[in-house]
Amino acid sequence: MSQVITDKQGISHYMITINVNGDDYTRVVKANTILVNVLRDELDLTGTKKGCELGDCGSCTILLEGKPVDSCMVLAIEADGKKITTIEGIAESAELDKVQESFINHGAIQCGYCTPGMILSAKALLTRNSHPNEHEVREAIAGNLCRCTGYVNIVKAVLKAAEEPNDKEVISNE
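Note that my numbering has the sequence shown beginning at 11, numbered continuously upward.
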């Protein structure tokens, strides 16, 4: 549970600890601080993008306890004590993750803004279903909008990644 700290003006702040990409971070946040802001502004993990800030576009997708969520819709205090994986955390050392490699190899990257969220949604899908069909891939990425493509290469990249042997597992409590 978050520790409550009250400042001189009587405004409550909360001390939270989150595990991001395998490392623990403790921060003091206001009650209305959203997780995407902590990741980008406090931890300098700018691979998580800010888009609509309404939970519609998926550019801020992260894995929270192994499940894809829009980090613009999660209060930082809700993530206290939880495990978070960002795009920076799925590649093992200097090697890209198989999903990242597949996106590159199959032209699934246009401007790149939606790519981190797409990759994390795909990674979560492949963790729970190692051999999805096209419909399941499309369903898994439905919360991630791309204004550059028709999703054909993205779906193809995820299906091809599913054919590769498993490498690093997503950091998760599951």
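Where is the CB? At the ideal position from N, CA and C, for every residue including glycine.
Measuring C-alpha to C-alpha distances from residue 76 to each of 61, 13 and 31 identifies 31 as the nearest.
If you look at residue 74, you'll find it in the beta strand (DSSP E) that goes 71 to 74.
As summarised for the segment 53 to 139, the continuous alpha helix (DSSP H) elements at least 4 residues long and confined to that stretch are 108 to 115 and 125 to 138, given in chain order. If you draw a straight line from the Cα of residue 144 to the Cα of residue 118, it is about 15 Å long. As computed with DSSP, residue 13 is found in a beta bridge with 25. In the structure shown, residue 44 falls within a strand segment according to DSSP collapsed to helix, strand and coil.
DSSP places residue 170 in the uninterrupted alpha helix (DSSP H) bounded by 162 to 173.
Per the DSSP secondary-structure output, residue 50 pairs with nothing in a beta bridge. Classified as buried, residue 156 has 16 or more neighbouring CB atoms from the shown chains inside 10 Å of its CB.
Rounded to the nearest angstrom, the gap between the Cα atoms of residue 106 and residue 19 is 47 Å.
Residue 36 counts as exposed, since fewer than 16 other C-beta atoms from the protein chains shown sit within 10 angstroms of its C-beta. Boundaries of the alpha helix (DSSP H) harbouring residue 148: 144 to 150, taken from the DSSP string. For residue 55 and residue 40, the gap between their C-alpha atoms comes out near 19 Å. Contact between residue 165 and residue 147 holds, since their C-beta atoms are separated by about 5 Å, short of 8 Å.
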